[in-house]
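Participant:
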Amino acid sequence: MEQKNQKQVSVGFVALGCPKNVVDSERMLAEIAQAGYLIGGEPENADVVVINTCGFIAPAKAEALEAIKQAVEYKRKGTVKKVIVVGCLPERLGQELFNETDGIDAIVGLGQREMIAPIIKRTLASDIKATYLEHSCRTIQDDRTRLRITPAHWAYLRISEGCNHRCSFCTIPAIRGRFRSKPQDLILAEADELVSSGAVELNIIAQDTTYYGRDLKIKNALPMLLEELEKIDGLKWGRLMYSYPSEIDERLIRTIAASEKIVPYIDMPIQHINSEILKSMRRADTKEHICSLIENLRYTIPGIVLRTTLIVGFPGETDLQFAELLEFIEWAQFDALGSFKFYAESGTPAAGMPGQVPDRIKQQRVEELMLTQQKIAFAKNKKRIGTKLTCLVDSIDGKGAGQGRFYGQAPDIDSICIIKSCSASPGQFVNTQIVGSKDYDLIIEQI
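With numbering that gives the first Met the number 0 as the guide, the letters of the sequence shown map in order to residues 0 to 446.
1. Who are the Cβ neighbours of V434 in its own chain at under 7 Å, not counting the five residues just before and after it?
2. With burial defined as no fewer than 16 other Cβ atoms inside 10 Å of the residue's Cβ, what is the status of G399: buried or exposed?
3. Hey, A188 and R143: beta-carbon distance below 8 Å or not?
4. Is the beta carbon of L15 sitting closer than 8 Å to the one on N51?
5. Output the distance between the C-alpha atoms of K387 and Y210, rounded to the nearest integer angstrom.
6. Can you list the beta strand (DSSP E) stretches of 3 or more residues lying completely in the region 325-392, in chain order?
7. Taking C-alpha atoms, which residue in E246, I310 and V199 lies nearest to K260?
8. Give me, in chain order, the residues of the same chain whose beta-carbon lies closer than 6 Å to that of E43; leave out the 5 immediate sequence neighbours on both sides.
9. Return the CA-CA distance between S9 and Y36, expressed in angstroms with no decimal places.
10. May I have the straight-line CA-CA distance separating G401 from R364, to the nearest angstrom?
11. Please state whether the Cβ-Cβ distance between L201 and G237 is less than 8 Å.
12. When you compare only the Cα positions, how much space is there between L368 and A335?
13. Given this structure, state the Cα-to-Cα distance separating L185 from I204, to the nearest angstrom.
14. Quick check for students: name the residue ranges of the alpha helix (DSSP H) that lie wholly in the region 270-321, counting only runs of 4 or more.
15. Taking R177 as the reference, give the member of S245, F12, Q270 and D214 with the closest Cα.
16. Residue range of the alpha helix (DSSP H) that V199 falls in?
17. Helix, strand or coil: how does DSSP classify K218 here?
18. Please name the residue in A331, Q270, R175 and S24 whose C-alpha comes closest to that of R115.
19. Please classify F341: is it buried, with 16 or more other beta-carbons within 10 angstroms of its beta-carbon, or exposed?
20. May I have the straight-line CA-CA distance separating P301 from P263, to the nearest angstrom?
21. Which residue marks the beginning of the alpha helix (DSSP H) containing E249, and which one marks its end?
22. Any chance you could list the alpha helix (DSSP H) runs of at least 4 consecutive residues sitting entirely within the region 11-46, in chain order?
23. Between P410 and chain B, is the shortest Cβ-Cβ distance under 8 Å, so that the two count as touching?
24. Please confirm whether Q432 and V392 have their CB atoms less than 8 Å apart.
25. On a Cα-Cα basis, can you pick out the residue from I375, S422 and D413 that is closest to D396?
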């Protein structure tokens, strides 16, 4: 009788945040489904709403709080019984989260991810607010057995947790703890599981993928892992994300250059190029090294696609230093670039630094930087017209038009390929020719 009643309980799940959060969400969804709960598509009609939050910077926190307030409003209207908040925001705010939004029934830390099903049961049975934050972020968790929310043909493969870097602007070490490498055999078992379930593309993620194995004193751990992933039957593409430029060495570069499955694509967040700003950010890098690295990558890995992330308006950033950044962007010719303005996050050293840049100027600089990158991206697309490429099909609409990506486009964050007429199904590869472009996207035809 208890199991029958449990199956009648519906859970609405809201997944927010970065790819690491996506993996956490998929693991929790699997636990919820295995416990017999019904997972509903509409949170407003669920008995329990579970919100997996991000709390990295102010916009992410605002998005999470808005989702929480919406769930609490459903609860006040009587369509939802309980609201449970999990993930990074509980780790960052702790019990203060109850004060942010009245109506939360339980807050759950990252370390209690595997306990989400019994926590739901306890929350439904009690009217007392509960906190589950014990021993969070201090162990390596097994990411196998996931109820995937990404398409079947691609997935995220997390190789570590936490971060040992102490960037002056970043809250991640306080939220997710110190860097912890996942054992290679566990990663390979997870990769096998994902490929067996239909994934042909694995996007390799961590807070810093290039630090993998260094906490365990294992030399060349990441190149060796990539070489093992190469052996998995059925895997077609492996993509390296979140690579710190200061940690990219010759062995890693040679491994990617020689690989048939690890695509020539590197996402490396450099944050800035002025050496003084990098020092204030506590980044272990310099302008000279970054420029040399870009030249080396393009020389050693023909056709490599480079993506980066930048912060503008960091405390003390002068007009000249920002101009230096723009000049560098025009020189570097990144294929893809993301930028956000500096946020003075509480608890970080940068929040109290002198020379805080007015928000108006930060916004102006973001817009100017992205306009500079837009011109670069549009020009690159124009030059690609007429070339041939292999495209992974992501979706097909009712009229036969498709969307997909070539190796230089990571899912969700980069541009896409618009396939004018596609005879393939999602998850299949097609040979195409670029016939045009639309903004950042490429227009291609199947050949």
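Just so it is clear, CB atoms sit at the ideal spot from N, CA and C, and this is done for glycine as well.
These numbers come from a predicted model, not from an experiment.
Facilitator: For this structure:
1. In the sequence shown, counting from the first residue as 1, residue 434 sits at position 435. Closer than 7 Å at the Cβ level, and outside the excluded window around V434, lie I384, I442, I443 and E444.
2. For the purposes of this step, residue 399 is identified with residue 400 of the sequence shown, where counting begins at 1. When all chains shown are included, G399 counts as exposed.
3. To locate residue 188, count along the sequence shown from 1; it is residue 189. To locate residue 143, count along the sequence shown from 1; it is residue 144. Yes, the Cβ-Cβ distance between A188 and R143 is below 8 Å.
4. By one-based count along the sequence shown, residue 15 stands at place 16. By one-based count along the sequence shown, residue 51 stands at place 52. Yes, the Cβ-Cβ distance between L15 and N51 is below 8 Å.
5. Position 388 of the sequence shown, counted from the start, is the residue given in the question as residue 387. Position 211 of the sequence shown, counted from the start, is the residue given in the question as residue 210. Approximately 35 Å between the Cα atoms of the pair.
6. 335-340
7. On the sequence shown, residue 260 is found 261 positions in, with the first residue counted as 1. It is V199.
8. By one-based count along the sequence shown, residue 43 stands at place 44. The residues are Y73 and T78.
9. Start at 1 with the first residue of the sequence shown, and residue 9 comes out as number 10. Start at 1 with the first residue of the sequence shown, and residue 36 comes out as number 37. Computed Cα separation, rounded: 6 Å.
10. Mapped onto the sequence shown, residue 401 falls at position 402. Mapped onto the sequence shown, residue 364 falls at position 365. Going from the Cα of G401 to the Cα of R364 covers about 36 Å.
11. Against the sequence shown, residue 201 aligns to sequence position 202. Against the sequence shown, residue 237 aligns to sequence position 238. For L201 and G237, yes; Cβs fall inside 8 Å.
12. The residue labelled residue 368 in the question sits at position 369 within the sequence shown. The residue labelled residue 335 in the question sits at position 336 within the sequence shown. Approximately 12 Å between the Cα atoms of the pair.
13. Along the sequence shown, read from residue 1 onward, the residue named residue 185 stands at position 186. Along the sequence shown, read from residue 1 onward, the residue named residue 204 stands at position 205. Answer to the nearest angstrom: the Cα atoms are 15 Å apart.
14. 274-279 and 286-299
15. The sequence position of residue 177 within the sequence shown is 178, counting from 1. Minimum Cα distance to R177 is reached at D214.
16. The residue labelled residue 199 in the question sits at position 200 within the sequence shown. Segment: none, V199 is in no alpha helix (DSSP H) and carries neither H nor E.
17. Here residue 218 corresponds to residue number 219 of the sequence shown, with the count starting at 1. Coil at K218, not helix or strand.
18. Taking the sequence shown and counting its residues from 1, one reaches residue 115 at position 116. Residue 115 is actually Ile in this sequence, not Arg. Of the candidates A331, Q270, R175 and S24, the one whose C-alpha sits nearest the C-alpha of I115 is S24.
19. The residue given as residue 341 occupies position 342 in the sequence shown. The residue is buried, with at least 16 neighbouring Cβ atoms inside 10 Å.
20. Locating residue 301 in the sequence shown gives position 302, counting from the first residue. Locating residue 263 in the sequence shown gives position 264, counting from the first residue. Each residue's Cα considered, the two are about 8 Å apart.
21. By one-based count along the sequence shown, residue 249 stands at place 250. Element bounds for E249: E249 to A257.
22. 18-33
23. Among the protein chains of the structure shown there is no chain B, as only one such chain exists.
24. Sequence index remark: in the sequence shown, residue 432 carries index 433 (1-based). Sequence index remark: in the sequence shown, residue 392 carries index 393 (1-based). Not in contact: Q432 and V392 (Cβ atoms no closer than 8 Å).
25. Position 397 of the sequence shown, counted from the start, is the residue given in the question as residue 396. Minimum Cα distance to D396 is reached at S422.
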